[in-house]
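A.B. asks:
2 protein chains.
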Amino acid sequence: MTRTSSRTQVHSQDCGDCPIRHRAVCARCESDELDRLEQIKYYRSFEAGQTVVWAGDRMDFVASVVTGIATLSQTMEDGRRQMVGLLLPSDFVGRPGRDTSAYDVTAATDLVMCCFRKKPFEDMMLNTPHLGQRLLEMTLDELDAAREWMLLLGRKTAREKIASLVCIIARRDASLQLRASDGELRFDLPLTREAMSEYLGLTLETVSRQMSALRKEGLIVTEGKRQIVIPDFDRLLEETGDDSDGGFLI
Amino acid sequence: MTRTSSRTQVHSQDCGDCPIRHRAVCARCESDELDRLEQIKYYRSFEAGQTVVWAGDRMDFVASVVTGIATLSQTMEDGRRQMVGLLLPSDFVGRPGRDTSAYDVTAATDLVMCCFRKKPFEDMMLNTPHLGQRLLEMTLDELDAAREWMLLLGRKTAREKIASLVCIIARRDASLQLRASDGELRFDLPLTREAMSEYLGLTLETVSRQMSALRKEGLIVTEGKRQIVIPDFDRLLEETGDDSDGGFLI
DNA sequence: CATCGTTTTTGATCTGCATCAATGCGGTTG
DNA sequence: CAACCGCATTGATGCAGATCAAAAACGATG
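Heads up: the sequence lines are chains F and B, in that order. Heads up, the first sequence is in the numbering used here, so the first residue is 414 and it goes up one at a time. Heads up, the second sequence is in the numbering used here, so the first residue is 414 and it goes up one at a time.
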């Protein structure tokens with residue numbers, strides 16, 4: 414299966430404070446529309462751990478992540494939590510046409526979001542076709558990501574889940590990072606063990622144990638608090654259970 | 414959390430052979446666009462068990478389910494399978510802007526699909542805003558469903574998974590079925606134990622055992638091959654682990 | 001109606017991950 | 001520097017669901 418997700422291709426052209434992430438598309442929008450966007454946008458900052466909105470709360474804006482990481486999570490009555498969205502810079506939050514959040518939105522790291530009041534944003538969508546088209550494309554990408562995630566949750570072992578997550582972060586982060594000549598890959602893993610466990614449908618103890626196992630086997634190296642080095646990306650990939658081709662790497 | 418999914422509201426207005434499912438929206442499209450749609454559409458039938466397309470295969474059409482049930486599945490190298498989409502009549506298949514299928518598409522029951530050659534369909538999307546808007550809305554609904562599904566896969570027990578699936582099918586099917594006066598709900602469960610296990614991330618043995626357990630406790634009654642009766646829907650709902658309000662029932 | 005293939009049920013056993021519990025490790029604060 | 005806090009690691013044990021295996025139910029077919 415060759416999965417040429419447009420997510421990856423677009424990523425290198427991101428513009429953090431553009432609501433629709435893809436500079437090439439924005440440039441095609443009429444300039445007065447862009448001006449109007451400028452007028453209705455504002456920034457909000459959050460500290461790591463803070464909640465942006467709770468599931469069920471009124472949410473009268475849509476937004477895109479400028480810097481940091483936000484998560485979407487669902488919680489069951491008894492407290493069991495499952496992350497259902499991981500938002501990196503340039504990712505979009507919020508659903509046009511709905512006025513309450515369906516998920517807890519949380520700042521996993523210090524976070525800056527670029528917000529747009531929802532009503533004006535929706536109005537603009539009506540007469541700016543590119544906006545809707547771009548949003549559709551992004552939503553389809555997210556749906557693909559969600560389905561990949563479902564395979565992970567439903568069928569992968571703990572070890573495969575961990576390897577997959579590390580590879581996913583590495584891929585999404587790597588465009589911004591340097592890659593050493595020998596294929597070594599160095600980047601930040603900005604999630605706590607607990608956040609990782611919520612992403613993977615595991616307990617944090619299992620996450621910790623499996624991280625230790627991968628470390629002992631030399632598949633990953635941890636440097637300091639959150640910095641991670643992957644000496645051989647392809648070898649780690651083999652632990653994910655995914656198709657070896659994968660369609661695209663980095 | 415009140416989840417007023419537009420999926421449910423729209424459902425009662427479905428038109429099976431309309432590509433975009435919602436008659437009220439279609440009616441707003443200019444009639445010559447509708448005519449052109451008519452010209453490029455054609456029907457395909459499949460028997461239960463047949464594969465519509467394999468992951469990675471060329472897919473030069475988009476389609477909507479007319480009758481029957483189709484599934485989207487991902488397969489790992491060693492054969493582990495996870496269902497990632499369950500398509501009932503009026504649901505949409507295929508991604509504009511991608512020419513290979515990312516998933517195995519399979520007929521879970523006898524199936525009729527209404528297909529549109531992709532190129533003309535994409536052309537038409539460009540100058541029929543409503544088409545894109547409707548598609549965006551449907552994709553957002555699917556994303557919400559996928560995220561609900563992720564919670565099920567990552568955090569629910571086998572028992573909760575089974576109860577959830579039965580309730581999901583009951584809800585989606587129920588609009589077409591009769592509901593007895595005493596709150597009893599009778600409908601078809603058109604999935605094999607294996608298909609259920611692929612949906613839920615379980616083995617078919619576990620599915621069978623948990624179905625038996627629910628049957629013994631009187632939460633469900635099976636009549637003949639695939640007919641299911643839920644004597645008390647609310648009581649079954651309590652077994653799903655979901656918020657008791659749920660936002661919307663049936 | 002007997003036979004056969006498919007699907008489902010049930011049983012016995014095993015195991016991967018959860019659970020419960022304690023210890024370690026920086027980083028921050030008084 | 002000591003005390004403390006949040007986070008991570010490691011250990012001991014239990015259990016839900018997987019696995020392996022067999023029998024039963026059901027429908028189709030000659």
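Even glycine gets a Cβ: it sits at the ideal position worked out from N, Cα and C. Note that the structure is a prediction, hence the values are computed from the model and not measured.
Are the C-beta atoms of B/Pro542 and some chain F residue less than 8 Å apart?
C.D. replies: As a first step, residue 542 of chain B must be located in the second sequence, where it is residue number 129. The beta carbon of B/Pro542 sits closer than 8 Å to some beta carbon of chain F.
A.B. asks: Quick check: the Cα distance between B/Asp645 and B/Glu597, rounded to an integer number of angstroms?
C.D. replies: Along the second sequence, one-based indexing puts residue 645 of chain B at 232. Along the second sequence, one-based indexing puts residue 597 of chain B at 184. Taking the straight line from one Cα to the other gives about 6 Å.
A.B. asks: When burial is assigned at 16 or more other CB atoms within 10 Å of the CB, is F/Glu451 buried or exposed?
C.D. replies: For the purposes of this step, residue 451 of chain F is identified with residue 38 of the first sequence, where counting begins at 1. F/Glu451 comes out exposed.
A.B. asks: F/Asp601 lies in the beta strand (DSSP E); which residues open and close that run?
C.D. replies: Working through the first sequence from its first residue, we reach residue 601 of chain F at position 188. Unbroken beta strand (DSSP E) run through F/Asp601: Leu598 to Asp601.
A.B. asks: What is the DSSP secondary structure of F/Arg568, counted as helix, strand or coil?
C.D. replies: Residue numbering aside, residue 568 of chain F sits at position 155 when the first sequence is read from its first letter. Helix.
A.B. asks: Tell me the rounded alpha-carbon separation between F/Asp470 and F/Gly498.
C.D. replies: For the purposes of this step, residue 470 of chain F is taken as the residue at position 57 of the first sequence. For the purposes of this step, residue 498 of chain F is taken as the residue at position 85 of the first sequence. Going by the C-alpha atoms only, they are around 18 Å apart.
A.B. asks: Flag this pair as yes or no: are the beta carbons of F/Gln495 and B/Arg568 separated by less than 8 Å?
C.D. replies: In the first sequence, the residue the question calls residue 495 of chain F occupies position 82. In the second sequence, the residue the question calls residue 568 of chain B occupies position 155. Result yes, Cβ atoms of F/Gln495 and B/Arg568 sit closer than 8 Å.
A.B. asks: Under 8 Å, do F/Ser503 and F/Ser477 count as touching if we go by C-beta distance?
C.D. replies: Locating residue 503 of chain F in the first sequence gives position 90, counting from the first residue. Locating residue 477 of chain F in the first sequence gives position 64, counting from the first residue. Against a cut-off of 8 Å, the Cβ pair of F/Ser477 and F/Ser503 comes out as a contact.
A.B. asks: Taking 7 Å as the limit between beta carbons, can you name the residues of its chain near F/Lys574, skipping five residues before and five after?
C.D. replies: Within the first sequence, numbered from 1, the residue matching residue 574 of chain F stands at position 161. These residues qualify, in order along the chain: Leu565, Leu613 and Leu615.
A.B. asks: Kindly say whether B/Glu634, judged by its beta-carbon, lies nearer than 8 Å to any beta-carbon of chain F.
C.D. replies: For the purposes of this step, residue 634 of chain B is taken as the residue at position 221 of the second sequence. According to the sequence provided, residue 634 of chain B is Val. The question's Glu does not apply to it. Not one chain F Cβ lies under 8 Å of B/Val634.
A.B. asks: B/Asp473 and B/Asp517 look like a contact to me (Cβ under 8 Å); what is the Cβ gap, rounded to whole Å?
C.D. replies: As a first step, residue 473 of chain B is located in the second sequence; it is residue number 60 there, counting from the start. As a first step, residue 517 of chain B is located in the second sequence; it is residue number 104 there, counting from the start. Rounded, the Cβ-Cβ distance is 17 Å, inconsistent with contact.
A.B. asks: Compute the distance between the beta-carbons of B/Gly462 and B/Ala520, then report whether it is under 8 Å.
C.D. replies: As a working note, residue 462 of chain B is residue 49 in the second sequence. As a working note, residue 520 of chain B is residue 107 in the second sequence. Yes, Cβ-Cβ distance for B/Gly462 and B/Ala520 is below 8 Å.
A.B. asks: Using a Cβ cut-off of 8 Å (strictly closer), state whether B/Leu549 contacts chain F.
C.D. replies: Taking the second sequence and counting its residues from 1, one reaches residue 549 of chain B at position 136. Chain F contact via Cβ: present.
A.B. asks: What ranges does the beta strand (DSSP E) occupy inside the region 478–533 of chain F, keeping only unbroken runs of at least 3 residues that lie completely in it?
C.D. replies: 483–488, 494–500, 517–520 and 524–530
A.B. asks: Taking the C-alpha atoms as reference points, what is the distance between B/Leu356 and F/Gln623?
C.D. replies: Chain B is shown only over 414 to 663; residue 356 of chain B falls outside these bounds and no answer can be derived.
A.B. asks: How about F/Thr484: is its C-beta nearer than 8 Å to some C-beta of chain B?
C.D. replies: As a position in the first sequence, residue 484 of chain F is number 71, starting the count at 1. It does not: the Cβ of F/Thr484 has no partner Cβ on chain B nearer than 8 Å.
A.B. asks: Over what stretch of residues does the beta strand (DSSP E) that includes F/Gln640 continue unbroken?
C.D. replies: For this step, residue 640 of chain F is matched to residue 227 along the first sequence. Where F/Gln640 is concerned, the enclosing beta strand (DSSP E) stretches over Gln640 to Ile643.
A.B. asks: Does any residue of chain F bring its CB to less than 8 Å from the CB of B/Gly654?
C.D. replies: Position 241 of the second sequence, counted from the start, is the residue given in the question as residue 654 of chain B. Chain F contact via Cβ: present.
A.B. asks: I need the straight-line Cα distance from F/Cys527 to B/Ala626, nearest angstrom please.
C.D. replies: Numbered from its first residue, the first sequence carries residue 527 of chain F at position 114. Numbered from its first residue, the second sequence carries residue 626 of chain B at position 213. Rounded to whole angstroms, F/Cys527 to B/Ala626 spans 50 Å at the Cα level.
A.B. asks: Between the C-alpha atoms of F/Leu539 and F/Lys532, what's the straight-line distance to the nearest angstrom?
C.D. replies: Counting from 1 along the first sequence, the entry for residue 539 of chain F is found at position 126. Counting from 1 along the first sequence, the entry for residue 532 of chain F is found at position 119. The alpha-carbon atoms of F/Leu539 and F/Lys532 are separated by roughly 11 Å.
A.B. asks: Decide if B/Thr552 is buried, meaning its Cβ has at least 16 other Cβ atoms within 10 Å, or exposed.
C.D. replies: Residue mapping note: residue 552 of chain B aligns to position 139 of the second sequence, counting from 1. Buried, since its Cβ has 16 or more Cβ neighbours within 10 Å.
A.B. asks: Assign B/Gln640 to one of two classes, buried (16 or more other C-beta atoms within 10 Å of its C-beta) or exposed (fewer than that).
C.D. replies: Translated into positions along the second sequence, residue 640 of chain B becomes position 227. Answer is exposed; the Cβ neighbour count stays below 16.
A.B. asks: Quick one: complete alpha helix (DSSP H) runs, 4+ long, within the region 611–653 of chain F?
C.D. replies: 617–629 and 646–650
A.B. asks: Taking the alpha-carbon of F/Glu607 as reference, which of F/Phe600, F/Thr619 and F/Arg599 has the nearest alpha-carbon?
C.D. replies: Taking the first residue of the first sequence as 1, we reach residue 607 of chain F at position 194. Comparing Cα-Cα distances from F/Glu607 to each of F/Phe600, F/Thr619 and F/Arg599, the minimum goes to F/Thr619.
A.B. asks: Check whether the Cβ of F/Gln495 lies closer than 8 Å to any Cβ atom in chain B.
C.D. replies: Within the first sequence, numbered from 1, the residue matching residue 495 of chain F stands at position 82. Output row for F/Gln495: interface = yes.
A.B. asks: Taking B/Ser458 as part of the beta strand (DSSP E), name the residues at either end of that continuous run.
C.D. replies: Start at 1 with the first residue of the second sequence, and residue 458 of chain B comes out as number 45. Run containing B/Ser458: Lys454 to Phe459, per the beta strand (DSSP E) assignment.
A.B. asks: Spatial neighbours of F/Thr570 within its chain, please: C-beta separation below 8 Å, excluding the five flanking residues on both sides.
C.D. replies: Sequence index remark: in the first sequence, residue 570 of chain F carries index 157 (1-based). Counting only Cβ-Cβ distances below 8 Å, and skipping sequence neighbours, we find Gly654.
A.B. asks: If the cut is a Cβ gap below 7 Å, which residues of chain B does F/Gln623 touch?
C.D. replies: Here residue 623 of chain F refers to the residue found at position 210 of the first sequence. Chain B residues near F/Gln623: none, gap ~16 Å exceeds 7 Å.
A.B. asks: Expressed to the nearest angstrom, what Euclidean distance is found between the alpha-carbon atoms of B/Ile582 and F/Glu611?
C.D. replies: Within the second sequence, residue 582 of chain B is the residue found at index 169, counting from 1. Within the first sequence, residue 611 of chain F is the residue found at index 198, counting from 1. One C-alpha to the other measures close to 27 Å.
A.B. asks: Do we get a CB-CB distance below 8 Å when we pair B/Gly637 with the residues of chain F?
C.D. replies: For the purposes of this step, residue 637 of chain B is taken as residue 224 along the second sequence, with counting starting at 1. False, the Cβ-Cβ gap to chain F never drops below 8 Å.
A.B. asks: Sort F/Thr541, F/Phe534, F/Arg508 and F/Gly481 by Cα distance to F/Tyr455 and report the nearest one.
C.D. replies: Here residue 455 of chain F refers to the residue found at position 42 of the first sequence. Ranking the options by Cα distance to F/Tyr455, first place goes to F/Phe534.
A.B. asks: For B/Glu651, I'd like the list of residues in its chain whose CB is within less than 8 Å of its CB, leaving aside the five on either flank, ordered along the chain.
C.D. replies: For the purposes of this step, residue 651 of chain B is taken as residue 238 along the second sequence, with counting starting at 1. Around B/Glu651: Ser657.
A.B. asks: DSSP beta-bridge partners for B/Thr464?
C.D. replies: For the purposes of this step, residue 464 of chain B is taken as residue 51 along the second sequence, with counting starting at 1. For B/Thr464, which the question treats as bridged, DSSP gives the partners B/Thr519.
A.B. asks: Express the C-alpha separation of B/Gly492 and B/Val466 in angstroms, rounding to a whole number.
C.D. replies: Position 53 of the second sequence, counted from the start, is the residue given in the question as residue 466 of chain B. Position 79 of the second sequence, counted from the start, is the residue given in the question as residue 492 of chain B. Each residue's Cα considered, the two are about 17 Å apart.
A.B. asks: Between the Cα of F/Asp536 and the Cα atoms of F/Asp601, F/Glu460 and F/Ile453, which residue gives the shortest distance?
C.D. replies: What you label residue 536 of chain F is simply residue 123 of the first sequence in a count that begins at 1. The residue with the shortest Cα to Cα distance from F/Asp536 is F/Ile453.
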